[in-house]
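Last residue of the sequence shown: 533 (our numbering), numbering continuous.
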Amino acid sequence: MNWRARAPYELIGVACLGMVGASLVTATGGRLALQPRAYPPTSWGGLLAPVSLDRTSVLPALLIGGISLTLLAWARACVLAGSQRLSPKQAAALLALWALPVALGPPILSLDVYSYAAHGMMLASSLDPYSNAPAALPVDSPQLAAVDPLWRFAQAPYGPLALAVFHGAHAVAGGSLIGAVVLLRLLALVEVALVVVGVLALAPPGRRAETLVLAVLNPIVLFQLLGAVHLETLMMALVVTGLLAVNNGRRTIGLVLLAAAAAVKWPAVLAVAAVVLWRFAPRSVASDPPASFRRQLPAALRDVGVVLIATAGFVALVPDGLGWLRVAGTPTTVPTGYSPTSILADLAGRLLRLAGAEPAPDALLKVARVIGLAASLVVIAWLFATIRKRTVAATAGWAMLTLAMLGPVLHPWYLAWGLILLAIAPTSWQRYTVLSVTAAGSFLALQHCSLLLAGHPELLRWLRAHGSAVAVGGYITAAGLVIGFSPHAPWAARGRAARGHDDTPRGPHPGEQEPSLPPAV
């Protein structure tokens, strides 16, 4: 592939813009993530110094500005990579540069990594994280002190393999909290590297730079997975390497890796299902008839057997390994007001109140969650029923993203489930989805942004009262900006023609199958 040369100053500008953005997020995201009565084991050179919550602060503005700069740099890198003016090596260099401050900085945007360390200590103390909460640890333990108070009395919702990793980090660190956190961050770096290798291997040669930029330079992956050290990093590393193994003919190894991903977080089951169901799709998407159900059923049952045996092995890694099934719904106990189901419940309540009714908010939320789950099941069933129309990676990506967005709660790191897979040789619709969902999702779950308006309580009250409308407006704005400034837009094409420029990403149009991507993945 002869990559067309690009003016060095533009690439340098993209690199510097993303580096400045990532540095701002690293410098502010840890401090703003701290909650009252949560005490990290170190100030991390001042990057985890407490923030006063009773007066106006500029830190949220710096955090939002850093995310915005990173998004702008990422969007431009997407255009350059899509028009084949950014090589895979250059994309990897951008990733290394932007990830440097994030990797060296403290955990940002979330305190979940401290919960992971606490669960590791619980296992070392013969406490079952599926039956006990971190509050069962000694009151003077630094592991308990660092956990977000919101989750100190909640059982672990993570799979048995995840708990085994936490236990291992605690043991290797010799019981040190900061040592366990550093080890989990190092492990996250390895996991990101595995995702990089996997997506590059799965993407067609001419689409590798674009796939790498969309999938891994993605600000949600950079900040929420690597920066916050969320478990999605491990889960998606296993999903991507599992799909790669299946694509390379090592089906049993691939299924074991996918089962391992599901033993970290259960949504990876959708990737397992996509691989198994692919057996019933035609060998050639373009022409072959559907594979005989009777002929493929024994092989599919063997696949299921491999997954079940591997899962049994992972369950045995920790005591009460099946206890995970009892508490998998723990995250749903704390609603996220910006999730589609919460917004639906809020809007329904407003309409009912206008009609003179007084609905119970909890009841409305339960109904909205049922509707969301039902809708996600319908969409996922349709995706599996029409699996022959797209690649396995795309089917699994759409299914996991649907579950993340229509599930009972939504956290920005959940979005990475589908975004990484949809970024592999994306069609135009997949590209639009990755860009718009990332643009909106990057600003979710930012802690203590209300400090910007601490001196304006009336404005804060208005925002809290109209949070659902603000969220909907933000989602629509993000999608509109992505579509409006996309090189695919007709008005953008006319502008490029007038200027003699062509930034159009090379790739299939909506609904087209990428011919160079092996149909199995």
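Idealized CB from N, CA, C, for every residue including glycine. Quick caveat: nothing in here was measured; it's all calculated off a predicted structure.
Alpha carbon to alpha carbon, how far is L458 from V194? Give it in angstroms, no decimals.
Answer to the nearest angstrom: the Cα atoms are 23 Å apart.
Only counting the same chain, and skipping five residues up and downstream in sequence, which positions put a Cβ closer than 7 Å to that of H423?
Answer for H423: T348, A457, listed in chain order.
Have a look at M133 and L243 and give me their C-alpha separation to the nearest angstrom.
One C-alpha to the other measures close to 17 Å.
Might you give, ordered along the chain, the residues of its own chain that have their beta carbon closer than 8 Å to the beta carbon of P169, omitting 5 neighbours on each side?
Cβ within range, chain order: W336, V339, A340, G341, T342, P343.
Any idea what DSSP makes of V446, helix, strand or coil?
Reduced to three states, the DSSP call for V446 is helix.
Below 8 Å on the Cβ atoms is my contact criterion, and I expect L237 with A111 to pass it. Report the Cβ-Cβ distance as a whole number of Å.
Not really, about 11 Å apart at Cβ, beyond 8 Å.
Do A192 and Y142 count as a contact pair if the criterion is CB distance below 9 Å?
Contact flag unset, no.
Going by CA-CA distance only, name the one from P146, N259, I232, A273 that's closest to A249.
When only C-alpha atoms are compared, the closest one is A273.
Nearest-angstrom Cα distance between R49 and L162?
When rounded, the distance between both Cα atoms is 10 Å.
Given that a residue counts as buried once 16 or more other Cβ atoms are within 10 Å of its Cβ, and exposed if not, what is V184?
So V184 ends up on the exposed side.
Quick check: the Cα distance between G325 and T439, rounded to an integer number of angstroms?
Approximately 38 Å between the Cα atoms of the pair.
Are the CB atoms of G430 and A275 within a distance shorter than 9 Å?
Result no, Cβ atoms of A275 and G430 do not sit closer than 9 Å.
Could you compute how far the alpha carbon of A157 sits from the alpha carbon of T345?
Their backbone Cα atoms lie some 22 Å apart in a straight line.
Where does G266 sit, in a helix, a strand or coil, going by DSSP?
Reduced to three states, the DSSP call for G266 is helix.
Out of L224, D152, L116, which has the shortest C-alpha to C-alpha gap to A437?
The shortest C-alpha separation from A437 is found at L224.
Ordered along the chain, which non-local residues of its own chain (more than five positions away) have a Cβ less than 6 Å from that of A360?
So the qualifying residues of the chain are L376.
Taking C-beta to C-beta, are A105 and A27 nearer than 9 Å?
A contact, by the Cβ cut-off of 9 Å.
With DSSP run on the structure shown, which of helix, strand or coil describes Q459?
Residue state, collapsed to three classes: coil.
Output the distance between the C-alpha atoms of A532 and V204, rounded to the nearest integer angstrom.
Any reading at A532 must be qualified, since the residue scores a pLDDT of 43, below 50, and its modelled position is unreliable; the value itself is stated next. So the two alpha carbons sit approximately 23 Å from each other.
With 16 other CB atoms within 10 Å as the buried threshold, where does V70 fall?
Exposed, because fewer than 16 other Cβ atoms sit within 10 Å of the Cβ of V70.
Would you report the Cα separation of V268 and L256, rounded to the nearest angstrom?
Taking the straight line joining both Cα atoms gives about 12 Å.
To which residues of the same chain is D124 closer than 7 Å at the C-beta, ignoring the five residues directly before and after it?
Hits under 7 Å: A240, H242.
Relative to the C-alpha of T353, which candidate in S462, M417, V446 has its C-alpha closest?
Among S462, M417, V446, the Cα nearest to that of T353 belongs to M417.
How would you write the range of the alpha helix (DSSP H) that T38 sits in, first residue to last?
Counting along the chain, the alpha helix (DSSP H) containing T38 begins and ends at 20 to 45.
How big is the Cα-Cα spacing for L29 and A283?
Going by the C-alpha atoms only, they are around 35 Å apart.
With a 10 Å radius around its C-beta and 16 neighbouring C-beta atoms as the bar for buried, classify P150 as buried or exposed.
By the neighbour-count rule (16 or more Cβ atoms within 10 Å), P150 is not buried but exposed.
Determine the extent of the alpha helix (DSSP H) in which Y126 is found, giving its start and end residues.
Its alpha helix (DSSP H) spans residues 124 to 136.
Does the separation of the CB atoms of L434 and A405 fall below 9 Å?
The answer is yes: Cβ separation under 9 Å.
With 16 other CB atoms within 10 Å as the buried threshold, where does G58 fall?
Exposed.
I'd like the list of long-range same chain contacts for G254, defined as Cβ closer than 6 Å, with 5 residues on each side in sequence excluded.
Excluding residues within five positions, the ones whose Cβ falls inside 6 Å are G266, L269, L270.
Please report the straight-line C-alpha distance between S462 and Y350, rounded to a whole angstrom.
If I take the Cα positions, the gap works out to 15 Å.
Starting from H179, trace the alpha helix (DSSP H) both ways and give me its first and last residue.
Run containing H179: 172 to 184, per the alpha helix (DSSP H) assignment.
Tell me whether Y473 is buried or exposed, calling it buried when 16 or more other Cβ atoms sit within 10 Å of its Cβ.
Strictly speaking, residue 473 in this sequence is Arg, with Tyr absent from that position. The residue in question, R473, is exposed, as its Cβ has fewer than 16 Cβ neighbours within 10 Å.
Need the endpoints of the alpha helix (DSSP H) that V339 sits in, please.
That run of the alpha helix (DSSP H) goes 336 to 339.
Since S8 contacts L83 with CB under 8 Å, what's their CB separation in whole angstroms?
The question about residue 8 has no answer, for the chain in this structure spans 13 to 533.
DSSP three-state call for G191: helix, strand or coil?
Correct three-state label for G191: helix.
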